[in-house]
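**Student:**
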Amino acid sequence: MTAPPPPRFPTPTRLTPFTQFTGPQYFLLAGSFLIPLGSFAVLPFMSVLLHERLGMELGTVGVVLAVASFVQFSGGVVGAALAERVGLRRTMLLALMIRTAGFAAFLPGLSRPTWAVVALFLVSVGAALYLPANKAYLVTGVAEDRRAPLLSASSSALNAGIALGPIAAAPFVLTASAGLFTAVTALFALITAGHAALPGAPTATDPQRTPETDPQPPQQANPQPPQQAPPKADRRRPDATPPSRLLPFAITVLSVYVFMFFQHYLALYAVGRTSTYFYGLVLALYALLLVVTQPLLSDWIARLPYPRALRIGFTALAAGMAALALGHPAAILGGALLICVGEIVLFLKNDLEALSRSDRSPAVVFGRQRLAAGIGAFASGIAGGEGYAWADRADNVGLFWLAVAAQCALLPPLLLRALRGRSR
Numbered sequence: 001m002t003a004p005p006p007p008r009f010p011t012p013t014r015l016t017p018f019t020q021f022t023g024p025q026y027f028l029l030a031g032s033f034l035i036p037l038g039s040f041a042v043l044p045f046m047s048v049l050l051h052e053r054l055g056m057e058l059g060t061v062g063v064v065l066a067v068a069s070f071v072q073f074s075g076g077v078v079g080a081a082l083a084e085r086v087g088l089r090r091t092m093l094l095a096l097m098i099r100t101a102g103f104a105a106f107l108p109g110l111s112r113p114t115w116a117v118v119a120l121f122l123v124s125v126g127a128a129l130y131l132p133a134n135k136a137y138l139v140t141g142v143a144e145d146r147r148a149p150l151l152s153a154s155s156s157a158l159n160a161g162i163a164l165g166p167i168a169a170a171p172f173v174l175t176a177s178a179g180l181f182t183a184v185t186a187l188f189a190l191i192t193a194g195h196a197a198l199p200g201a202p203t204a205t206d207p208q209r210t211p212e213t214d215p216q217p218p219q220q221a222n223p224q225p226p227q228q229a230p231p232k233a234d235r236r237r238p239d240a241t242p243p244s245r246l247l248p249f250a251i252t253v254l255s256v257y258v259f260m261f262f263q264h265y266l267a268l269y270a271v272g273r274t275s276t277y278f279y280g281l282v283l284a285l286y287a288l289l290l291v292v293t294q295p296l297l298s299d300w301i302a303r304l305p306y307p308r309a310l311r312i313g314f315t316a317l318a319a320g321m322a323a324l325a326l327g328h329p330a331a332i333l334g335g336a337l338l339i340c341v342g343e344i345v346l347f348l349k350n351d352l353e354a355l356s357r358s359d360r361s362p363a364v365v366f367g368r369q370r371l372a373a374g375i376g377a378f379a380s381g382i383a384g385g386e387g388y389a390w391a392d393r394a395d396n397v398g399l400f401w402l403a404v405a406a407q408c409a410l411l412p413p414l415l416l417r418a419l420r421g422r423s424r
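Taking our numbering, the leading residue of the sequence shown gets 1, the next gets one more, and so forth.
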C-alpha cells in the first residue's frame, strides 16, 4: 500500500505577506487610503480658498500654510506622548474627532476667514496626533520581518489617496464647496466610528515582545538567563555605521530636506516648460510607480544594509535632480521617476532603521520621525524660496536643480562623518 502524498502548500510569492494581515490591519490600511483621499480633496485648494474666495493677502496665506504644515509634522511628538499615556486606539479616536471637527468648521469658513484658519489648524493637529499612533498600532507586537510589508502597504495606500483626492474634488471645490466639505466631514465621521470598533492594542509602554516575536519558545529546556541575552545594540548589523540612534532621525531630516525642493517647485518649473497636462501625466506616473513598487520591494529594502540603502537612495535623488536641470520634457519625466526611486528606498528604510535601533515604543519612534520630517520640510521651504528666486532672476533655473543635486551628493557623507565623530 503506497503512502499518501505529502500535503502541498502554496509557493510563497512577493504578494504572500500582503495576504496575511489581520482584520484590524486591513481596516487601518483602508483608512490610510480614505483619510488622505478626503484630506487632499480639500487641502491642496487652501491657497485658492483663502486668497481668491476669502480675500487674504498672499503673504498671509503663505504664513498660514507654512505654520499649519509645521504643526502637522512636528506635532507628531505630542501625538506619541499622548499615545504612551492613553493608548494607541484612544489617540487615533481623539485625532479623528479633532480632524472631523476641523472639516466641519470649513462650512462656516467658506464666508469667514477666521473660521477657515481655525479649521485648517484643527485638521493639522488631528493629522499630527493620528499618524504616529496609526503606524504604531500597525507594527506593535508584529515580528520585525513583517514590519516592512505593513509600512510599505500603508505608505502606498496613503500615496494613492493623495494622488486621487485632488482629481476627485477638482470639479466641485469651487462650484460646490459646501457639498464637498459636507461629504468629507461625513467620510471622516464614518472612519472615526470604524476606529471605535477596533480592538484595543498594547499601549506604548507595554512590553513589545509577544509569542509571535519571542525567539525563544517558553517550553525550551535550560533557557538562558535574561541577563545573558545580548543587548539590542549588539544585534545590529555590523555594517550599519555609525552606531548612533540619532542616525535615522538625522538622515530623515536630510532626506525630506532635499526631497521637498522637488515637491515644492516641480510644478512651477515643469508647467512653464511643458504644459499642465504633461505635469499631470508626470504626477500620475510618479504616484503609480510609488504605489505599486514600494510594497513589492519592501522585503528587499528591509534586508538592505543601511549604508547601501543610503547610497542607492541619495544617488537616485541626485541623478533625478540633475536630470530636471536639462528642462526637456523627457528629462523632467525621467528625473521625477528617479526621484521616486530615491523616495521609495529612503523613506521606508529610515522608518525601519529607526524602529530597529530604538528601545522606545513605536509611537515614540514614529513621532520623532515626523518631527524630523517637519524640520527637513521647514528648512527646505526657507532655503528653496530664496534659491529658486535667485536662479529665476539669473534666468537659469537649471542651476537651482544642479545645486540641489550637489546637496544630495555631498551632504550625506558629511552628515555621516559628523555623526561618527560624535559617536567617538
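For each residue, glycine too, the CB sits at the ideal point set by N, CA and C.
For clarity, every value in this text was computed on a predicted model and none was experimentally measured.
Give the DSSP-derived three-state secondary structure of Ser177 in the structure shown.
**Tutor:** helix
**Student:** Starting from the C-beta of Leu187, find all residues in its chain whose C-beta is less than 7 Å away, skip the five residues before and the five after it, and write them out in chain order.
**Tutor:** Within the same chain, Leu187 has close Cβ partners Leu34 and Gly38.
**Student:** Let me know if Gly87 comes out buried or exposed under the rule of 16 or more other beta-carbons within 10 Å of its beta-carbon.
**Tutor:** Burial call: buried.
**Student:** On a CA-only basis, which of Ser361, Ala372 and Ala157 is nearest Val292? Give me that one, please.
**Tutor:** Selected option, being the one with the closest Cα: Ala157.
**Student:** For Gln308, count neighbouring C-beta atoms within 10 Å of its own C-beta (all shown protein chains included) and say buried if the count is 16 or more, exposed if not.
**Tutor:** Residue identity check: residue 308 is Arg in the sequence provided, not Gln. That one is exposed.
**Student:** How big is the Cα-Cα spacing for Phe278 and Gly272?
**Tutor:** 11 Å
**Student:** Give me the residue from Leu346, Pro329, Leu43 and Arg245 with the minimum Cα distance to Arg360.
**Tutor:** Arg245
**Student:** Label Pro413 either buried or exposed according to how many other C-beta atoms from any shown protein chain fall within 10 Å of its C-beta, with 16 as the threshold for buried.
**Tutor:** exposed
**Student:** Thinking C-alpha only, which one of Glu84, Ser298, Ala30 and Glu144 is nearest Arg357?
**Tutor:** Answer by Cα proximity: Glu144.
**Student:** In terms of residues, what are the limits of the alpha helix (DSSP H) holding Phe33?
**Tutor:** Gly23 to Ser39
**Student:** Alpha carbon to alpha carbon, how far is Ala363 from Ala133? Give it in angstroms, no decimals.
**Tutor:** 5 Å
**Student:** Given this structure, state the Cα-to-Cα distance separating Ala319 from Leu402, to the nearest angstrom.
**Tutor:** 10 Å
**Student:** Go ahead and pull the three-state DSSP assignment for Ala409.
**Tutor:** helix
**Student:** Using only CA atoms, which one of Leu290, Gly398, Gln263 and Thr274 lies nearest to Gly161?
**Tutor:** Leu290
**Student:** Within its chain, find whatever has a CB closer than 8 Å to the CB of Phe70; leave out the 5 residues flanking it on each side and keep chain order.
**Tutor:** Gly374, Ala377 and Phe378
**Student:** Identify, in the order they occur along the chain, each residue of the same chain with its Cβ nearer than 7 Å to the Cβ of Gln294, setting aside the five sequence neighbours on each side.
**Tutor:** Ser152, Ser155, Ser156, Ile344 and Leu348
**Student:** Mind reading off the beta-carbon distance from Ile149 to Ser298? Whole number of angstroms is fine, and I expect it under 8 Å.
**Tutor:** Reading the sequence as shown, one finds Pro at residue 149 and not Ile. That belief holds up - the Cβ atoms of Pro149 and Ser298 are roughly 5 Å apart, short of 8 Å.
**Student:** Among Ala128, Leu268 and Pro305, whose alpha-carbon lies nearest the alpha-carbon of Asp392?
**Tutor:** The candidate whose alpha carbon is nearest that of Asp392 is Leu268.
**Student:** DSSP three-state call for Phe298: helix, strand or coil?
**Tutor:** Strictly speaking, residue 298 in this sequence is Ser, with Phe absent from that position. Three-state DSSP puts Ser298 in a helix.
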